[in-house]
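Visitor:
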Ligand SMILES: Cc1cc2nc3c(=O)[nH]c(=O)nc-3n(C[C@H](O)[C@H](O)[C@H](O)COP(=O)(O)OP(=O)(O)OC[C@H]3O[C@@H](n4cnc5c(N)ncnc54)[C@H](O)[C@@H]3O)c2cc1C
C-alpha cells in the first residue's frame, strides 16, 4: 500500500483515466468525491488518497425538446437545476438537497454524486428514482479503462444496462466522467390535500386509498406531530398534531378537478384542507430535503424501505424499542427514523422490524465510529452478497475505488 | 450469421442428458423427439431456425434450479424461452443446447391492490396481468404490441416497451422484484414489494439482459390505476418533417402524451387497406397522439395539442369522440405489422432509436438506401421517444433477397448509431444485431459487459451466441496488466 496522501483533481476525462492508472500502479486506493457533501453516507472509505471530481464540470448537451441533458460528472447539481428551470424543465425524480444533513452548505453537490447515491424524492412513487432517468455514462473502471454504456435516447436495450449498476453504487464500481439524464417538463401547478390528526396506521390507509385512485397522486407523506411541528408552512406548523399530505400536480384545470375529487373521496377519513402553490411547493421541498431531520443534527438517521402497508407496523415496532423522530414518505413505503447515535443507534430494532417482512434499511447519517462498525447498508443473504462481490470484481478487481464504502468485505 | 460451433460431444450424449432431465422433470416435461422439437426451432425472428437438442418444461423453481445445476456441471448450454415472440432471435435454440421453457409457470400468485403490485410467474402473458386486475380499475403499464402472447419473463429479459412507455416507462421502470436462478442453480430474490432493491441494482441489470444472466422464475410488477379517460388525436401532415416538428413542439410545450405514434405513407396505406381505420390516404405522415388522465386534463391537452398541430401545418385532424373511435384510431397502428405482411411475402422489422430531431434526415437516407437495395420500406415510429420500426419488404423465396434485406437493415441501424442513436430500442440484440455491436461499442466496452456476464455465468452456458459478437473466456477477461511504480507522478493537478 502506498503511503501517498494525495488528492488528485482531474480536469479532463483523460486525466481521470491517468488518475486510475496511477492508483493501480501505486496500489493506492481512492476515495471518490464530488463536492464531498455525502461523504458521511456509507462506511468510512479505507483510503488516504482522494479523487476529487469537482473539476470535471460543465453541461455538454442540453436539448429541451428531446428531454435530454448530458453533463460532466462533477457539474454542480445547482447549475443543472438552473439550466433546466430556464426551460421550465426539471429532474422529475426530485433529488433532495441533502448537503445540510451533514452540515454542508445548502445547494451543494454534484450530478455524479446524485447518481452514485441514486437519489429520489417524494415523487419516487410516480416518476421513479435517479436510476429511472439515468440514460448513459462514460466512466473509468477500477481496471483503469474508459467504458461507456447506454446512450442519449430513452428507448435503448443495446447491451446490458450498466447505468443501473452504477446508479446507487456509491462510487465502488467506476468513476464517472460524464452522465446523460432524461429530463421532464415541470408541472404547471401543484396542490396538496391535507388531513390532520390521523395516527400512523390510519394515515397510511388514507395514502393507500389516494394512491389507488385515478387522480395521479405525485406525493403521499405522513408527518407525525413532532415532524410536522418544525415546518415553515404555518398551517402545518400550527396544526398541533400529525399532518397527512397528498400532492397532485399537472395542468391547472386538471389539478383543481383532482383535488376536489380527492377531498370528496377521502372525506370518510376526516376533514380535509388544501395547500396552494407556494405552500405546497414549500411543504414538499422540506420533505425532499429532509428538513425535520436536518434540524436535528444530534440524531442518527435510518432510511427504511418497506412495502407501504408495512410502514406503520415497522415504525411502531422500532419505536417500541427506541425513542426517535419518525416520518413517512412514498405512501408509507419509506420510513425515516432519527434516533440518538448511542449503542447500536437502533440497528437491532430497525433491522429486527424488517426480519419477517422484507425491505431494507440503511444508516444514512451517524458518527464515523458507528459507521465503521455497523453494517450501514442492509446485510445481504450469502448468495446475493457473493454475487455482488463478483460484480464489484468485474469492475474493480483491485478494490481501488471507494473500498469499504458499501460493505466491509469489499 | 454464425452461431458458435455446436459441441459434438454434447450432442452425442443426448440420451444421457434426456435421462438426467427426466429424473428432475417427470412426465411430459422433457421433449426430445425431432418432430416435437420442431415447434421450438425459431422465435419471432423466423428467418433463423435451429431445432434444439432437447426441450425441458419445468414447473417449479426447484426443478429449474436442478436443471441448471445439472447443465452447469455437465457444461450443457441452456436457452431460456418464454413465449418465443422475440424479434431478435433471443430465444433461438442451439443445436447442442436445451431450451428451458417457462410456459408452465403461468400462475398469478398474489394481487395486492393496497400496495399496487402483483406477484406472477414468468410465463404469465403481459396482457394476462392487466386482465386479472382490470375489474378493479388497475393495469400493468408497459404494453408491447405482442402483449396477448409475450410472457412477462420475456418482457423482463428484453426490457420491452410499448406505445404507452413515453409516459409510463419501460419494463425496467415497472418491475419491483424478481426471483432469479443462476446458472449454477443458486436461487435468489432481488427486490420485492418495496420500491427499490438494496445494494447494487441487480434487478435493473437483469432487466434487458436477454436471458444471459439468469432465469427469472417469479416477478413482482407495479400496478397502476387506469386513467380516468383517454382520447386520441389523429393528425395528418404533408411531410414527415412537419409531423416531426409537431412532436417536438408538443413536448416543448410541456406535454407528455400517453402515446405518440407516427406512420409514413406506405404504412398508412397498408394499414388502411387492412383494417379501414379511416386514415387519410393523401398525407405523407400520420400522427396518433393519445392524451390520458383526468377528464379535465385530457380535454385541456387535446385542445392545446390541436392548436400546436395547426401551427405546424397539420392538413388533417380528427379527435376521438368515444372509446370506440379511439380504438379504431389505434386499430391501424396496432395492425401495422400484419398489414405490411399482407402486401409482401415477408417483412423484416427493424428497431433502432434516434434523437428525434434527426428523423427527416434518417428518413431521407432510408429512401436512398431503399432505392439502392431495391427493397420497399414502410415506417412505423414511436415518435415520442425516437424509436423507429422500419419494415423492410422482401421475398424469402427470391434467392439473395433475404441477404439483401439484412444488409439494408444493418445499414439502417448503423445510420441510427451514426446520428447519435442506438441499435435497438426495445427488441433486443439477440443474434440479429449481435455482429453490429462494434458499431456502437468499443472492444473495451464489450469486454466490460462480458465481465459482468462472467460474474453470473463464468462458463458462458446461458444463452451463448447472443448479444456478444465474440465470446472471451472469463479467465482471459479477468486478467489485468498492472505496471507497478510506472506512474509515480501523472500529469494531474493534485493537492
Ligand atoms: C408481432 C410482434 C410485435 C411485437 N411488438 C413489440 C413491442 O411493441 N415492443 C417490444 O418491446 N417488443 C415487441 N415484440 C417483441 C417481443 O414480443 C418481446 O421482446 C417480448 O418481451 C418477448 O417475450 P417472450 O415471452 O416471447 O420471450 P421469448 O421470445 O421467449 O424470449 C426472449 C428472450 O428472453 C429470454 N427469456 C424468456 N423468458 C425468460 C425468463 N423467464 N428468464 C430469463 N430469460 C428469459 C430468452 O432467453 C430470450 O433471450 C413484438 C413481437 C412480435 C412478434
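Protein chains in written order, with our numbering: chain A, 97 to 506; chain B, 1469 to 1963.
The beta carbon of each residue, even a glycine, is placed where N, CA and C say it ideally should be.
These numbers were taken from a predicted model, which means no experiment stands behind them.
(1) Using the Cα positions of residue 138/A and residue 1905/B, report the straight-line distance between them to the nearest angstrom.
(2) Taking residue 1447/B as the reference, which of 348/A, 271/A and 243/A has the closest Cα?
(3) What residue does the alpha helix (DSSP H) around residue 1895/B start on, and which one ends it?
(4) Report the CB separation of residue 1558/B from residue 1625/B in whole angstroms; it is logged as a contact under 8 Å.
(5) Would the C-beta of residue 1901/B count as close to ligand 1, meaning under 7 Å from any of its heavy atoms?
(6) Nearest to residue 321/A by CA position, among 424/A, 262/A and 105/A, is which residue?
(7) Going by DSSP, name the residue or residues bridged to residue 322/A.
(8) Going along chain B, which residues have a C-beta under 8 Å from residue 228/A?
(9) Alpha carbons only, please: which of 1504/B, 1923/B, 1665/B and 1936/B is nearest the one belonging to residue 454/A?
(10) Does DSSP classify residue 375/A as helix, strand or coil?
(11) Let me see if you follow: with CB-CB separation under 8 Å, is residue 426/A close to chain B or not?
(12) If you draw a straight line from the C-alpha of residue 1574/B to the C-alpha of residue 1542/B, how long is it?
(13) My output table needs one value for residue 1581/B: the three-state DSSP class, helix, strand or coil.
(14) Where does the unbroken beta strand (DSSP E) through residue 166/A begin, and where does it stop?
(15) What residues in its chain sit with their C-beta under 6 Å from that of residue 1621/B, if we drop five residues either side in the sequence?
(16) Using the beta-carbon of each residue, which ones in chain B are nearer than 9 Å to residue 111/A?
(17) Is residue 1532/B buried or exposed, if buried means 16 or more other CB atoms sit within 10 Å of its CB?
(18) Hey, residue 219/A and residue 373/A: beta-carbon distance below 8 Å or not?
(19) Determine whether the Cβ of residue 1677/B lies closer than 8 Å to any Cβ atom of chain A.
(20) Return helix, strand or coil for residue 1962/B, following the three-state DSSP convention.
(21) Taking C-beta to C-beta, are residue 1821/B and residue 252/A nearer than 8 Å?
(22) To be precise: take each residue of the segment 1845-1860 of chain B, compare its Cβ to all Cβ atoms of chain A, and keep it if any distance is under 7 Å. Which residues remain?
(23) Leaving aside the five residues before and after residue 300/A along the sequence, list all residues of the same chain whose C-beta is less than 6 Å from its C-beta, in chain order.
(24) If you run the structure through DSSP and keep just helix, strand and coil, what is residue 1814/B?
(25) If the cut is a Cβ gap below 8 Å, which residues of chain B does residue 263/A touch?
(26) Would you please state the rounded distance, in angstroms, between the beta carbons of residue 149/A and residue 120/A? I believe it to be under 8 Å.
(27) In the structure shown, what three-state DSSP assignment does residue 438/A receive?
(28) Using a C-beta to C-beta distance shorter than 7 Å, which residues of chain A count as neighbours of residue 1769/B?
(29) Roughly how many angstroms lie between the CA atoms of residue 535/A and residue 396/A, to the nearest whole one?
(30) Is residue 1928/B near ligand 1, going by C-beta to nearest heavy atom under 7 Å?
(31) Excluding five sequence neighbours on each side, which residues of the same chain lie with their C-beta closer than 6 Å to the C-beta of residue 1841/B?
(32) Taking the alpha-carbon positions, what's the residue 1674/B to residue 1894/B distance?
(33) What residues are listed by DSSP as bridge partners for residue 285/A?
(34) Quick one: using the 10 Å Cβ neighbour count with 16 as the cut-off for buried, is residue 1619/B buried or exposed?
(35) Mind checking whether residue 240/A and residue 1935/B have CB atoms under 8 Å apart?
(36) Using only the alpha-carbon positions, how far apart do residue 1915/B and residue 110/A sit?
Guide: To lay it out plainly:
(1) If I take the Cα positions, the gap works out to 37 Å.
(2) Chain B is shown only over 1469 to 1963; residue 1447/B falls outside these bounds and no answer can be derived.
(3) Annotation: residue 1895/B is outside any alpha helix (DSSP H) and is labelled neither H nor E by DSSP.
(4) Indeed they touch by this definition, with Cβ atoms about 7 Å apart.
(5) Answer for residue 1901/B: no, Cβ out of range of ligand 1.
(6) Selection 424/A, 262/A and 105/A evaluated against residue 321/A yields 424/A as nearest (Cα-Cα).
(7) Partner(s): none; residue 322/A has no beta bridge.
(8) Those are 1637, 1640 and 1641, listed as they occur along chain B.
(9) Of 1504/B, 1923/B, 1665/B and 1936/B, the residue nearest in Cα terms is 1665/B.
(10) It is helical.
(11) True, the Cβ-Cβ gap to chain B drops below 8 Å.
(12) Rounded to whole angstroms, residue 1574/B to residue 1542/B spans 29 Å at the Cα level.
(13) Of the three classes helix, strand and coil, the one that applies to residue 1581/B here is coil, per DSSP.
(14) Looking at the DSSP string, the run of the beta strand (DSSP E) that includes residue 166/A is 164-168.
(15) Sequence-distant partners of residue 1621/B (beyond 5 residues in either direction) whose C-beta falls short of 6 Å from its own C-beta, in its chain, are 1550, 1570, 1590 and 1684.
(16) In chain order: 1958, 1959, 1960 and 1961.
(17) Buried.
(18) Residue 373/A is positioned such that its CB atom lies no closer than 8 Å to that of residue 219/A.
(19) Closer than 8 Å to the CB of residue 1677/B there is at least one CB belonging to chain A.
(20) The three-state reading of DSSP puts residue 1962/B in strand, counting E and B together.
(21) It is a contact, given that the beta carbons lie within the stated cut-off.
(22) Of all residues in the segment 1845-1860 of chain B, 1850, 1853, 1854 and 1855 have a Cβ within less than 7 Å of some Cβ in chain A.
(23) If we look at residue 300/A and ignore the five residues flanking it on each side, its Cβ neighbours are 407, 408 and 428.
(24) Residue state for residue 1814/B is assigned as strand, using DSSP reduced to three classes.
(25) Contacts between residue 263/A and chain B, judged by CB atoms closer than 8 Å, involve 1669 and 1672 in chain order.
(26) About 18 Å; that fails the 8 Å criterion.
(27) The three-state secondary structure of residue 438/A, taken from DSSP, is coil.
(28) Per Cβ cutoff of 7 Å: 347.
(29) What is shown of chain A runs 97 to 506, which leaves residue 535/A out entirely.
(30) Taking the Cβ of residue 1928/B as the reference point, every heavy atom of ligand 1 lies at 7 Å or farther away.
(31) Only 1872 and 1876 meet the Cβ criterion.
(32) Straight-line Cα distance between these residues: approximately 15 Å.
(33) Answer is 346/A.
(34) The Cβ neighbour count for residue 1619/B, taken over all protein chains shown within 10 Å, is at least 16; the residue is labelled buried.
(35) With respect to the 8 Å criterion, residue 240/A and residue 1935/B are not classified as neighbours on the basis of their beta carbons.
(36) If I take the Cα positions, the gap works out to 20 Å.
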